Amino acid sequence: MTAIKIFWILVQVYIGFQLVFPLLLVAIKTIRGKKAVNVTTGILPDYAVIITAYEQTDQLPEVVSSVLAMDYSNYMIYVVADKCDISNLNFDSDKVILLKPEQVLAGNVRSHFYAIRNFVRNHTHLTIIDSDNLVANNYLTALTTFFQAGYEAVQGIRSAKNIDTMYARLDAARDIYYHYYDGEMLFGAGSSATLAGSGMAFSTRLFRDCLENQDISGAGFDKVLQHAIVNKGYRIAFAEQAIVFDEKTTGSEQLVNQRARWINTWFRYFSLGFGLAGNGIVKLNWNKFLFGLVLLRPPLFIFLILSVLFMLINVWLLPVVALSWFFAILIFIAGFFMSLVKSDTDPKIYQSLKGIPQFMFLQFLSLLKIKKANKISVATRHNVKGV
């Protein structure tokens with residue numbers, strides 16, 4: 033067998049595995065059964081709620097108000113307004129610290145550590161919120177349950193704040209899929225939930241250990257952080273009751289630019305999965321092995337496009353294999369709809385699914401921008417008119 037044939041087979045196996053992996057996680061979680069979260073301490077974490085903004089401040093009053101309305105009291109809010117005009121910002125609460133860096137930071141991690149260096153007290157834990165998020169009333173209470181059970185990293189759910197356009201609804205459907213499989217199922221299968229960029233919380237010690245000596249530019253700090261956490265032997269818990277409401281993509285240009293940054297991030301950091309999965313095999317660590325496989329998975333639209341392409345190629349080369357591809361794609365589709373059904377999805381999102389081909393095409397266009405993705409903008413711009 034030639035090297036080209038071996039490579040062709042391996043690539044097909046790699047992509048085909050991504051189609052059945054979601055339902056494989058469901059099977060593993062079902063076999064393991066539901067594991068109770070056992071609270072071992074009654075100590076209440078002292079949270080630093082870090083809200084980062086870059087250039088845009090119009091939604092900051094709303095997000096701060098939602099945090100102040102929470103049913104948890106042991107926290108301080110740190111708003112880092114990087115390259116922002118803060119002349120109109122006035123937070124009438126002694127729980128809010130407004131910070132404006134003297135020099136432009138232009139980076140999430142830099143903003144996070146700017147806040148940390150300006151803590152008014154030694155917070156035991158911190159949580160990261162985007163400037164376009166809102167938090168549920170019980171957000172910190174839901175996180176606290178897991179910290180009291182011994183976890184040091186927790187990811188909540190990012191639920192759609194807006195589903196008024198087709199793109200926003202499809203973006204929300206994508207999030208539901210990932211929260212279900214990369215959150216609930218992956219954690220339930222004995223590994224770690226993936227981090228989503230916001231709506232996540234950590235012990236301050238662990239966060240500093242993982243990122244303090246790294247200057248990460250552009251998007252993707254959550255990819256580096258989640259790898260570091262799992263590599264250190266910790267599991268990232270999934271808190272389905274800790275909800276942040278996230279502004280979804282509304283317009284085509286916004287979608288292309290955002291996805292270009294995300295795809296660029298995957299290409300920059302996916303190789304971390306090789307070492308993690310390999311380390312999991314050597315040390316018989318299920319968390320590391322399974323999470324390493326997740327890090328190696330391409331973005332959703334990429335492996336779906338390749339799956340259809342491989343199926344069509346095999347119609348000509350080997351029809352039996354083409355049939356296998358067909359059934360694997362059906363399995364993926366069934367798994368996708370399962371995530372929507374299990375997540376009590378808004379009917380408007382189901383109605384928008386007919387726009388998936390257009391949604392995927394725009395993401396394909398984003399591939400053309402990945403080389404300059406981090407120069408487009410360091411923040412997603414909202415309020416863009418869409419379909």
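Under the numbering used here, the sequence shown has 418 at position 386, and the numbering climbs by one with no breaks. Glycine included, every Cβ here is placed at the ideal spot set by N, Cα and C. Being a predicted model, the structure only gives us computed values, none of them experimental.
Task: Outcome for G310 when other beta-carbon atoms lying within 10 angstroms are tallied against a minimum of 16 - done: Start at 1 with the first residue of the sequence shown, and residue 310 comes out as number 278. So G310 counts as exposed.
Task: Assigned secondary structure, F123 (DSSP; H/G/I helix, E/B strand, else coil) - done: As a first step, residue 123 must be located in the sequence shown, where it is residue number 91. F123: coil per DSSP, three-state reduction.
- [ ] Using 10 angstroms around the beta-carbon of L313, count the other beta-carbons present and answer buried if the total reaches 16, otherwise exposed.
- [x] Walking along the sequence shown from the start, residue 313 turns up at place 281. Per the sequence presented here, residue 313 reads as Ile, with Leu not at that position. Exposed.
- [ ] Note down the Cα distance separating L362 from P77, rounded to an integer number of angstroms.
- [x] The sequence position of residue 362 within the sequence shown is 330, counting from 1. The sequence position of residue 77 within the sequence shown is 45, counting from 1. Distance between the alpha carbons of L362 and P77: 45 Å.
Task: Whether L158 touches S339 by CB criterion (8 Å) - done: What you label residue 158 is simply residue 126 of the sequence shown in a count that begins at 1. What you label residue 339 is simply residue 307 of the sequence shown in a count that begins at 1. No; because the gap between Cβ atoms is not below 8 Å, this pair is not in contact.
Open item on the list: When you compare the CB positions of D114 and V136, do they come within less than 8 Å of one another, or not?
Closed with: Residue numbering aside, residue 114 sits at position 82 when the sequence shown is read from its first letter. Residue numbering aside, residue 136 sits at position 104 when the sequence shown is read from its first letter. Contact: yes.
Task: Exposure of K67, with buried meaning 16 or more beta-carbon neighbours within 10 Å - done: Sequence index remark: in the sequence shown, residue 67 carries index 35 (1-based). Answer is exposed; the Cβ neighbour count stays below 16.
- [ ] Provide the residue(s) that pair with Y107 in DSSP beta bridges, ordered along the chain.
- [x] In the sequence shown, residue 107 corresponds to position 75, counting from 1. For Y107, the pairing in a beta bridge is given by DSSP as Y79.
TODO: Check whether the region 300-310 touches the region 185-204, taking contact to mean three or more Cβ pairs, one atom from each stretch, closer than 8 Å.
DONE: Segment contact: the region 300-310 against the region 185-204, fewer than three CB-CB distances shorter than 8 Å; contact not assigned.
Open item on the list: Taking the straight line between their C-alpha atoms, what separation do you get for V419 and Q383?
Closed with: Taking the first residue of the sequence shown as 1, we reach residue 419 at position 387. Taking the first residue of the sequence shown as 1, we reach residue 383 at position 351. Low confidence applies here, because V419 scores a pLDDT of 36, under 50, leaving its location unreliable; read the following figure in that light. Distance between the alpha carbons of V419 and Q383: 14 Å.
- [ ] List the whole-angstrom C-beta distance separating R267 from S230, where the pair is believed to meet the contact cut-off of C-beta under 8 Å.
- [x] What you label residue 267 is simply residue 235 of the sequence shown in a count that begins at 1. What you label residue 230 is simply residue 198 of the sequence shown in a count that begins at 1. Not confirmed; about 20 Å, so no contact.
- [ ] Please name the residue, chosen from A221, S375, L257 and T281, that lies closest to F234 on a Cα-to-Cα basis.
- [x] Position 202 of the sequence shown holds residue 234. Answer by Cα proximity: L257.
Task: Three-state secondary structure assigned by DSSP to Y210 - done: Taking the first residue of the sequence shown as 1, we reach residue 210 at position 178. It is helical.
Task: DSSP beta-bridge partners of Y86 - done: Residue mapping note: residue 86 aligns to position 54 of the sequence shown, counting from 1. Paired residue(s): D114.
- [ ] Flag this pair as yes or no: are the beta carbons of N170 and Q273 separated by less than 8 Å?
- [x] Along the sequence shown, one-based indexing puts residue 170 at 138. Along the sequence shown, one-based indexing puts residue 273 at 241. Yes, the Cβ-Cβ distance between N170 and Q273 is below 8 Å.
TODO: Taking only the alpha-carbon atoms, compute the straight-line gap between G182 and R206 and give it to the nearest angstrom.
DONE: Position 150 of the sequence shown, counting from 1, holds the residue named residue 182. Position 174 of the sequence shown, counting from 1, holds the residue named residue 206. Roughly 30 Å separates the two Cα atoms.
TODO: With DSSP as the reference, label E94 as helix, strand or coil.
DONE: Within the sequence shown, numbered from 1, the residue matching residue 94 stands at position 62. Three-state result, E94: helix.
- [ ] Flag this pair as yes or no: are the beta carbons of F323 and L336 separated by less than 8 Å?
- [x] Counting from 1 along the sequence shown, the entry for residue 323 is found at position 291. Counting from 1 along the sequence shown, the entry for residue 336 is found at position 304. No, the Cβ-Cβ distance between F323 and L336 is not below 8 Å.
Task: Distance between A101 and R237 (C-alpha atoms, nearest Å) - done: Walking along the sequence shown from the start, residue 237 turns up at place 205. Walking along the sequence shown from the start, residue 101 turns up at place 69. Each residue's Cα considered, the two are about 27 Å apart.
Open item on the list: Once DSSP output is grouped into helix, strand and coil, what is the label at V276?
Closed with: Indexing the sequence shown from 1 puts residue 276 at position 244. DSSP places V276 in strand when its eight states are reduced to three.
- [ ] On a CA-only basis, which of A260, C242, I129 and E279 is nearest D196? Give me that one, please.
- [x] Counting from one through the sequence shown, the residue named residue 196 turns up at place 164. Ranking A260, C242, I129 and E279 by Cα distance to D196 puts E279 first.
Task: Option in N122, L130, H155 and D162 with minimal Cα separation from V141 - done: Locating residue 141 in the sequence shown gives position 109, counting from the first residue. V141 has its Cα closest to that of D162, out of N122, L130, H155 and D162.
Task: Burial state of S398 (16 or more Cβ within 10 Å) - done: In the sequence shown, the residue the question calls residue 398 occupies position 366. Answer is buried; the Cβ neighbour count reaches 16.
TODO: Please state if the CB of S371 and the CB of Y212 are separated by a distance shorter than 8 Å.
DONE: Position 180 of the sequence shown, counting from 1, holds the residue named residue 212. Position 339 of the sequence shown, counting from 1, holds the residue named residue 371. Cβ distance < 8 Å, so Y212 and S371 count as in contact.
TODO: Identify whether K417 lies in helix, strand or coil by the three-state DSSP scheme.
DONE: As a first step, residue 417 must be located in the sequence shown, where it is residue number 385. Caution is warranted here: a pLDDT of 37 is assigned to K417, below 50, making its placement in the model unreliable, and no coordinate value can be reported.
Task: Own chain, CB closer than 7 Å to Y46, minus 5 neighbours either side, in chain order - done: Looking up residue 46 in the sequence shown gives position 14. Excluding positions up to five away in sequence, the list is empty.
TODO: Go through its chain and collect everything with a Cβ distance to K401's Cβ below 8 Å, but skip five positions before and after it.
DONE: In the sequence shown, residue 401 corresponds to position 369, counting from 1. Excluding sequence neighbours, K401 sits near V288, N289, A292 and I408.
- [ ] Report the three-state DSSP secondary structure of M370 (helix, strand or coil).
- [x] Sequence index remark: in the sequence shown, residue 370 carries index 338 (1-based). In this structure, M370 counts as helix in the three-state DSSP scheme.
Open item on the list: Which runs of the alpha helix (DSSP H) at least 4 residues long sit entirely within the region 340-390? Give them in chain order.
Closed with: Counting only runs of 4 or more, we get 351-374 and 379-384.
Task: Inter-residue Cα distance where the pair is L355 and M343 - done: Residue mapping note: residue 355 aligns to position 323 of the sequence shown, counting from 1. Residue mapping note: residue 343 aligns to position 311 of the sequence shown, counting from 1. Their Cα atoms are separated by approximately 8 Å.
- [ ] Within its chain, find whatever has a CB closer than 7 Å to the CB of S8; leave out the 5 residues flanking it on each side and keep chain order.
- [x] Coverage of the chain is limited to positions 33 through 419, which leaves residue 8 absent and any answer about it impossible.
Open item on the list: What residue range does the beta strand (DSSP E) around I162 cover?
Closed with: Locating residue 162 in the sequence shown gives position 130, counting from the first residue. Contrary to the premise, residue 162 reads as Asp rather than Ile in this sequence. If you look at D162, you'll find it in the beta strand (DSSP E) that goes H157 to D162.
Open item on the list: Using the three-state DSSP reduction, which class does A204 fall into: helix, strand or coil?
Closed with: Stepping through the sequence shown from its first residue, residue 204 is reached at position 172. Note: A204 maps to helix in three-state DSSP.
Open item on the list: Per the DSSP calculation, L166 is bridged to which residue(s)?
Closed with: Position 134 of the sequence shown, counted from the first residue, corresponds to residue 166. Partner(s): F277.
- [ ] Identify which residue in E285, Y110, A271 and N106 has its Cα closest to the Cα of E184.
- [x] Translated into the one-based positions of the sequence shown, residue 184 becomes position 152. It is A271.
TODO: Taking the CB atoms as reference points, tell me whether Q180 and T73 lie closer together than 8 Å.
DONE: Stepping through the sequence shown from its first residue, residue 180 is reached at position 148. Stepping through the sequence shown from its first residue, residue 73 is reached at position 41. Yes, these two residues count as a Cβ contact at 8 Å.
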